[in-house]
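Numbering of the sequence shown is given in UniProt numbering, commencing with residue 1 and proceeding in unit increments. Note that the Cβ used here is the ideal one computed from N, Cα and C, for glycine as well. A quick note: this is a predicted structure, and the numbers were derived from the prediction, not measured. One structure below.
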Amino acid sequence: MDIRSYFAYLAKKHEIDRRSQSRKLSSLRTFYKVLLREDLVKSNPATQLSFPKVRKEVPKNFRINETEEILEFESENASEVSEIRDRAMIEVLYSSGLRVFELVNAKLNSLSKDLTVLKVLGKGRKERFVYFGKEAVSSLQKYLEYRNVSFPDAEEIFLNQRGKKLTTRGVRYILNERRKKWVGKKRSHPINLDILLRPIF
Numbered sequence: 001m002d003i004r005s006y007f008a009y010l011a012k013k014h015e016i017d018r019r020s021q022s023r024k025l026s027s028l029r030t031f032y033k034v035l036l037r038e039d040l041v042k043s044n045p046a047t048q049l050s051f052p053k054v055r056k057e058v059p060k061n062f063r064i065n066e067t068e069e070i071l072e073f074e075s076e077n078a079s080e081v082s083e084i085r086d087r088a089m090i091e092v093l094y095s096s097g098l099r100v101f102e103l104v105n106a107k108l109n110s111l112s113k114d115l116t117v118l119k120v121l122g123k124g125r126k127e128r129f130v131y132f133g134k135e136a137v138s139s140l141q142k143y144l145e146y147r148n149v150s151f152p153d154a155e156e157i158f159l160n161q162r163g164k165k166l167t168t169r170g171v172r173y174i175l176n177e178r179r180k181k182w183v184g185k186k187r188s189h190p191i192n193l194d195i196l197l198r199p200i201f
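Okay, here's the thing in C-alpha cells:
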C-alpha cells in the first residue's frame with residue numbers, strides 16, 4: 001500500500017521512530033475522519049494500517065500537537081485573519097466532532113464564556129452540547145479577538161471577510177485545500193496521489 005510505503009520511507013530516510021510514526025498515523029486518521037464525515041472522500045486509507053508497537057517509556061515533559069503537520073499549512077494569498085479563522089475552524093472540527101453544517105450555524109451567544117462548551121442545534125432541531133480541547137480553545141480565542149472587533153454584531157461564530165456566515169460549501173473547500181496542500185508537500189515521497197487526492201464534487 002502506498003501510505004505504508006510512505007511511512008517506510010520516513011522510518012528509513014529520516015529515521016523517525018515508532019512513536020513519531022504512531023502520532024503521524026493518528027493525525028492522518030483523524031483528518032480523514034473529518035473528510036469522510038463531510039463526504040469529501042470515499043474511504044479512509046489510513047485505517048488499513050496498524051499503529052507501530054511502541055516500547056513503554058517514562059513520559060517526557062514536552063507537548064506534541066498530533067495534528068500540527070496537517071493543520072499548519074498556510075495559503076500564500078490568504079490574509080492573516082483568514083488563516084487564523086481557518087485554523088480555529090479546523091481545530092474546532094477536530095476537537096468536537098461537529099458537522100460542517102453545525103459549525104457554520106453555530107451562534108456566538110451559544111458559546112460559553114470560557115469557550116470550552118458550545119450549544120448546537122443538530123438534526124431534527126435537537127439541542128446538544130459539545131466540548132472543546134485546549135488547542136481548539138486557544139485557536140478560537142485568537143480568532144475571536146479579530147472577529148469581535150471587526151464584526152461585533154454578527155450572530156454566527158465563523159464569518160467570511162464581509163462579516164457574513166460561512167457556507168458549508170466554503171468550509172468544505174477550505175478542508176479540501178488543506179488536504180491538497182498536505183499531499184503536495186509529500187509529492188517527493190512514494191505516495192499515490194490517486195488514493196489521497198481524489199477530486200471533490
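Simplified DSSP assignment, three categories, for residue 129: Translated into positions along the sequence shown, residue 129 becomes position 129. Residue 129: strand per DSSP, three-state reduction.
Bounding residues of the alpha helix (DSSP H) (the contiguous stretch that carries residue 41): Locating residue 41 in the sequence shown gives position 41, counting from the first residue. It is not in any alpha helix (DSSP H) - residue 41 carries neither H nor E in the DSSP assignment.
Endpoints, beta strand (DSSP E) assigned at residue 118: Counted from its first residue, the sequence shown places residue 118 at position 118. Note, residue 118: beta strand (DSSP E), 117 to 121.
Alpha-carbon to alpha-carbon, residue 105 and residue 149: For this step, residue 149 is matched to residue 149 along the sequence shown. For this step, residue 105 is matched to residue 105 along the sequence shown. Cα to Cα, the separation comes out at about 20 Å.
Extent of the continuous alpha helix (DSSP H) to which residue 162 belongs: Locating residue 162 in the sequence shown gives position 162, where the first residue counts as 1. No alpha helix (DSSP H) contains residue 162, which DSSP labels as neither H nor E.
Nearest candidate by alpha-carbon position, reference residue 240, set 39, 99, 81, 32: Here the chain covers residues 1 to 201 and nothing more, so residue 240 does not appear.
Neighbour-count burial assignment, residue 126, 16 or more Cβ in a 10 Å radius: On the sequence shown, position 126 is the one that residue 126 refers to. With fewer than 16 other Cβ atoms within 10 Å, it is exposed.
Neighbourhood of residue 98 by C-beta distance below 7 Å, restricted to the same chain and skipping five residues each side: Locating residue 98 in the sequence shown gives position 98, where the first residue counts as 1. The residues are 92, 120, 130.
Under 7 Å between C-beta atoms of residue 88 and residue 166: For the purposes of this step, residue 88 is taken as residue 88 along the sequence shown, with counting starting at 1. For the purposes of this step, residue 166 is taken as residue 166 along the sequence shown, with counting starting at 1. In this structure, residue 166 does not lie closer than 7 Å to residue 88 by Cβ.
Under the three-state DSSP convention, the category residue 107 falls into: Position 107 of the sequence shown, counted from the first residue, corresponds to residue 107. DSSP places residue 107 in strand when its eight states are reduced to three.
Rounded straight-line distance, which links the Cα of residue 116 to that of residue 147: For the purposes of this step, residue 147 is taken as residue 147 along the sequence shown, with counting starting at 1. For the purposes of this step, residue 116 is taken as residue 116 along the sequence shown, with counting starting at 1. The straight-line gap separating the alpha-carbon atoms of residue 147 and residue 116 is approximately 18 Å.
C-alpha gap between residue 45 and residue 34, whole angstroms: Here residue 45 refers to the residue found at position 45 when the sequence shown is read from its first residue. Here residue 34 refers to the residue found at position 34 when the sequence shown is read from its first residue. In this structure, the alpha-carbon of residue 45 lies about 13 Å from that of residue 34.
Coarse secondary structure for residue 242, derived from DSSP in three states: Because the chain spans 1 through 201 in this model, residue 242 falls outside it and cannot be assessed.
Three-state secondary structure assigned by DSSP to residue 113: Translated into the one-based positions of the sequence shown, residue 113 becomes position 113. Three-state result, residue 113: coil.
Burial state of residue 96, where buried means 16 or more other Cβ atoms lie within 10 Å: Numbered from 1 along the sequence shown, position 96 holds the residue referred to as residue 96. Answer is buried; the Cβ neighbour count reaches 16.
Span of the alpha helix (DSSP H), counted from its first residue to its last, around residue 93: Here the question's residue 93 lines up with position 93 in the sequence shown. Where residue 93 is concerned, the enclosing alpha helix (DSSP H) stretches over 80 to 96.
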